[in-house]
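FYI, numbering that gives the first Met the number 0 numbers position 312 of the sequence shown as 311, with every residue one higher than the one before it. The structure appears below as structure tokens.
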Amino acid sequence: MTPATPTPIPATSSAAFGNRLGLEPQAPLSSLRLLALLCVALPLVAFIAVGSFRFNQVRAETELRIDRTLRVAYEHALKALDTNDAALARVQDLAGRSDAPLLRNREQLVRQLQGVSANKPQLGWIGVVDANGRLLASDGPGGMLPGGEAAQAELVRWHGLHGDELRISDLVRDPDGSDAFFLMSRRRLRADGSFGGAFIAALPVSHFQQFHGDLAADEPGLAITVFRADGLILSRFPNSDDALPRMAPDGPVLSRVVLGETRGQVIGVSSVDARRRLLAFGKIGDYPLYIGTGMNMSEIWQRWLQEMAWLAGFGIPPMLGLYFSARIALNRTRTSLETAARLQEETQARQRVEEALVQAQKLEALGRLTGGVAHDFNNALMVISSNLYLLKRKHPETTGRYAESIGRAVASATKLTRQLLAFSRRQALVPEQVDLRVKLPELKALLGPVLGAQSQLTLEVSPDTRPILVDAAELELALLNLAINARDAMGARGHFSVLARNATDSLPPLLEGPMVLVEAVDDGPGIDPALLDKVFEPFFTTKPVGEGTGLGLSQVYGLCQRAGGAATIHSEVGKGTTVRLWFPAVPLRDEAPAVVARTQDTQIGKTILLVEDNDEVAAALVPMLGAMDCKVHRFDRAAAALEWLSGQQELPDLLLTDVVMPGEMDGAGLAQQVRARFPELRILLMTGYAEQIDAITKLGFEVLPKPCSAEMLAEAIGGGSTAVDAPTA
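In structure tokens form, the structure reads like this:
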């Protein structure tokens, strides 16, 4: 029932195989997985580390470049402003403090101013204006200050308020609009200390843009800006039409200028063109001007990404090569381990099959030996039973307790031989009506010793249980197999019960009609659900090798199938196992009257050809048949009997022959020869082997199981139902 469950063969896996061999297969697999991971992780970590380092390095290099550019642009702007400021001082010396001499000597002053501005590209225009902003003299043609009357008015107003401070104007243009300037101017005082106008020097924006363009020619993304302290942009490279003319007070640079910082670096979004830049700025000397340099962060990122792309281009192929090599090695190792695992599993499965085959062969040999012994014992029992019959027939006065004792011993020995033949699978299957209300209680003496003294055995039969048609010895063997399995599963202590009742539950598939259910229940550890579908298969067992053949439950299944029923199993791990045997119920029939008394005076009156090689069996059968008023012709070989038949004018009524006999022809061969040559002759064969009964009945012959009593023999000869007319399977 619940077979003792050893450790099952593990599923096919490299881990299971390694564990069975005492190895650690996960070690090489884990190492290869780690190698594959490291082939990606280490280059990736190195790539990230180098990338981070190079980004910081590129940023630092960019900071150095914009700082260097700032210094160069700063020196250039300072030189231009100093030159123009010196020119203003020179004009002040040349113009004097009075307007009258200046107007009288205007032409001479113009020539002097032209001499001051000669060869000075940073000085685009220089001149003197009076207190009303009118141009008194300049180094160029025209009588109007660049920027027109508005510029004149603003110039006078500003110098009237700020005294000697240097003024940097907004951007202005030539009257012809050809160039943009911003004006540097200082206040002019008369000899009496009153306000007399201003000295003006114009710086062309193109001068700064040209120099800044040359400076940033090899630096894409670099911007250079000249701006006033209030954020007004005077010069910007590269110039952009959509850029704002003034910095926002809260911008990254002007906000720090407002706080009084004269030099610094900052990263931020420009308030002029909304681009994120790395910025550096510085105040130009003591002038109210600042110069700033900035590099677009996108340029920094682009340069860094280009370097990373080159690095990835050189690094990724070797990394992928190493990774795929490690993966291939991992897959091959896994495949090798799984192949070895399957080989090991197949080897173990084959070993189990071979060991089961050896065990089955041992049982087959033992069965043949047992069958041979039982067959000889059957012959002896037939001699005893036949002589007992003759003794009772000739000496009726001897029918007492001694004769009855001999009869009981013969019946008991007959039952024993049937059990031996059942074990050897050579029992002549004789289905009979079995009343479980009587049969099951009788099996307590058989099942109790199998379970052991410490296990409990319960046999219960419902009072209304109907009979079943089954071979009694096979039923005993089936319950014995279930008891053995239960004992092996439960161990020394447990509870095994056999319950019989009419089936009222739902029937298994393909069964219909009234059924009788026999349940065998144990409280063992149960069976793994994955194994339940295999337990009825021949040679399947979970017991250790040498402790089970896997044929017990297959015998139970075969018994139920031959009886027209079914066998099912239900088990829960930890809760025990229930095997259910389903048999078709048969109607109750009245007990037959005692046959012994009736058959003692049976007169059959037939002529019988008896073929029996065993002299002792023949010596008992011949007088017993004679007592039945039968005329017997006995031969010990099939060939001799066939030769005798060929010479007879009148055939006997019956050919009664044993199956197993020496010579070239056995009983089955004799029967076939007789049927072919004498089809009207009735044939009855005798044997004790189940496989012979099946084979003979398939040929259409009647078979009488051995050993048989005189009553069975008389009924078979007289044409009763004791003989087997069809295969029992």
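The beta carbon of each residue, even a glycine, is placed where N, CA and C say it ideally should be.
Paired residues, beta bridge with residue i - DSSP
i: E431; result: V469
i: F535; result: Answer by DSSP bridge pairing: none, since F535 is not bridged.
i: I266; result: L277
i: A379; result: Its beta-bridge partners do not exist; DSSP assigns none.
i: K282; result: Y289
i: D521; result: F495, T576
i: D173; result: Paired residue(s): none; D173 is not in a bridge.
i: G196; result: R187
i: A565; result: W581
i: F323; result: According to DSSP, F323 bridges with nothing at all.
i: K630; result: T606
i: S455; result: Just to set this straight, residue 455 is Gln in the shown sequence, not Ser. H494, per the DSSP bridge assignment.
i: N295; result: R276
Own chain partners of residue i with C-beta closer than 8 Å, once the 5 adjacent residues on each side are dropped
i: M729; result: Nothing can be reported for residue 729, as the shown portion of the chain is limited to 0 through 728.
i: L288; result: A76, L80, I167, V225, F226, R227, A228, L233, K282
Cβ-based burial, residue i [other Cβ within 10 Å; buried from 16]
i: P248; result: exposed
i: W124; result: buried
i: D657; result: buried
i: H211; result: buried
i: V437; result: exposed
i: P203; result: buried
i: Q151; result: buried
i: H206; result: buried
i: V268; result: exposed
i: G132; result: buried
i: K533; result: exposed
i: N378; result: buried
i: D487; result: buried
i: W309; result: exposed
i: V90; result: buried
i: S708; result: buried
i: F323; result: exposed
i: D191; result: exposed
i: F495; result: buried
i: E590; result: The pLDDT assigned to E590 is 46, lower than 50, so where the model puts this residue is not dependable; a value taken from the coordinates is nonetheless given after this. Label assigned to E590: exposed.
i: S404; result: exposed
i: G312; result: exposed
i: F52; result: exposed
Beta-carbon contacts of residue i that lie in its chain and below 7 Å, excluding the five residues immediately before and after
i: T82; result: K119, Q121, L122
i: A197; result: V128, L154, H158, S184, R185, R186, R187
i: L321; result: C38
i: V257; result: P248
i: V252; result: M246, V265, L278, F280, G291
i: Q554; result: L476, A477, N480
i: V71; result: L214
i: E649; result: none
Own chain, CB closer than 6 Å to residue i, minus 5 neighbours either side, in chain order
i: A279; result: I65, D66, L69, Q264, T292
i: R245; result: G230, L231
i: G50; result: M307
i: R235; result: T224
i: R189; result: R96, G195
i: L712; result: none
Beta carbon of residue i nearer than 8 Å to that of residue j
i: L552; j: F535; result: yes
i: R276; j: M296; result: yes
i: L653; j: V673; result: no
i: L703; j: A715; result: yes
i: L108; j: A136; result: yes
i: E701; j: V382; result: no
i: P583; j: M514; result: yes
i: V578; j: A519; result: yes
i: P466; j: Q432; result: yes
i: A340; j: L31; result: no
i: L439; j: V460; result: yes
i: G604; j: C629; result: yes
i: I315; j: R58; result: no
i: D138; j: L170; result: no
i: P651; j: L608; result: yes
i: E617; j: R633; result: Checking the sequence, you will find Ala at residue 617 rather than Glu. Yes.
Touching or not, the segment 549-567 and the segment 461-478, by the rule of three or more beta carbon pairs under 8 Å? Yes, since at least three Cβ pairs between the segment 549-567 and the segment 461-478 fall closer than 8 Å, the two stretches touch.
Report yes or no: do the segment 229-248 and the segment 97-115 share at least 3 C-beta pairs separated by less than 8 Å? no
The segment 565-585 contacting the segment 515-535, beta-carbon criterion three pairs below 8 Å: By the criterion of at least three beta-carbon pairs nearer than 8 Å, the segment 565-585 is in contact with the segment 515-535.
If you pair each beta-carbon of the segment 612-625 with each one of the segment 382-389, do three or more pairs fall below 8 Å? yes
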